[in-house]
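Let me begin by presenting the structure, written as structure tokens, before commenting on it.
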Amino acid sequence: MADPEIVEPSESLPKTSIRRRSCVVCRKPTPNHYVTSFTRAPEKQEQWTCRLANGDEEFATDLREKLAAGRKYLCLDHFDRKDLVHRKMDGMEVIRNRLPIPYRNTYFVRHSLTDTPSTSEDTDMSPIPEKRRKMSTPTLAGKGAELDPASMTLLMDTVNLYVKRAMEEADV
């Protein structure tokens, strides 16, 4: 039995590990927050494969075989920085419907996690989709925002009355 005052170093410190996934293209082990699932939609998967292969048919065939084996991941280095957005506390996500940058037959540059400019040509950022924009006050017309305080109070009282009746009738 070990002396309780003497603790082995491996026992004293909790083991912390960063979960990593390997990128299907560059095979680089990457933290989970810096990868995205390789698309499983057949049309998009073919687009992504052709784009990454950049004319290298042998590489494209090999990639298709790997993808047929199950879920695979692609590190975010394979996307232009303008196609990434900070969505999580510790990571980024790819903007919907963005294609990866070519990998084969090109000079591939890994991203650093700084606010450096995009890795592609100088192009303007694509506009934010209409449904993602915050609604402003003028666009709320017809959605209840034009009610005066008395009308709003009446509306809320009516809603509360219906909720109260429903709660009383429910078997709780």
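Under the UniProt record's numbering, residue 172 is the last one in the sequence shown; the count climbs by one each step, no gaps. C-beta atoms are modelled at their ideal positions from N, C-alpha and C, and glycine is treated no differently. In this text, all values refer to a predicted model and were calculated from it rather than measured experimentally.
Residue 50, enclosing alpha helix (DSSP H) - first and last residue: As a working mapping, residue 50 is identified with position 50 in the sequence shown. That run of the alpha helix (DSSP H) goes 42-53.
Secondary structure of residue 31, DSSP reduced to three states: The residue given as residue 31 occupies position 31 in the sequence shown. Note: residue 31 maps to strand in three-state DSSP.
Simplified DSSP assignment, three categories, for residue 20: Indexing the sequence shown from 1 puts residue 20 at position 20. DSSP places residue 20 in strand when its eight states are reduced to three.
Residue 162 (DSSP reduced to helix, strand or coil): Your numbering for residue 162 matches position 162 in the sequence shown. If DSSP states are grouped into helix, strand and coil, residue 162 belongs with the helices.
Beta-ladder partner(s) of residue 37, from DSSP: To locate residue 37, count along the sequence shown from 1; it is residue 37. Its beta-bridge partners are 73.
Residue 40 burial status per 10 Å Cβ neighbour count (16 or more: buried): As a working mapping, residue 40 is identified with position 40 in the sequence shown. Residue 40 comes out exposed.
N- and C-terminal bounds of the alpha helix (DSSP H) containing residue 255: The requested residue 255 does not occur in the structure, where the chain is confined to residues 1 to 172.
Nearest-angstrom Cα separation, counted from residue 169 out to residue 153: Taking the first residue of the sequence shown as position 1, residue 153 is located at position 153. Taking the first residue of the sequence shown as position 1, residue 169 is located at position 169. Cα to Cα, the separation comes out at about 24 Å.
C-alpha distance - residue 159 paired with residue 72, whole-angstrom precision: If you number the sequence shown from 1, residue 159 lands on position 159. If you number the sequence shown from 1, residue 72 lands on position 72. So the alpha carbons of these two residues sit roughly 49 Å apart.
Coarse secondary structure for residue 154, derived from DSSP in three states: Position 154 of the sequence shown holds residue 154. If DSSP states are grouped into helix, strand and coil, residue 154 belongs with the helices.
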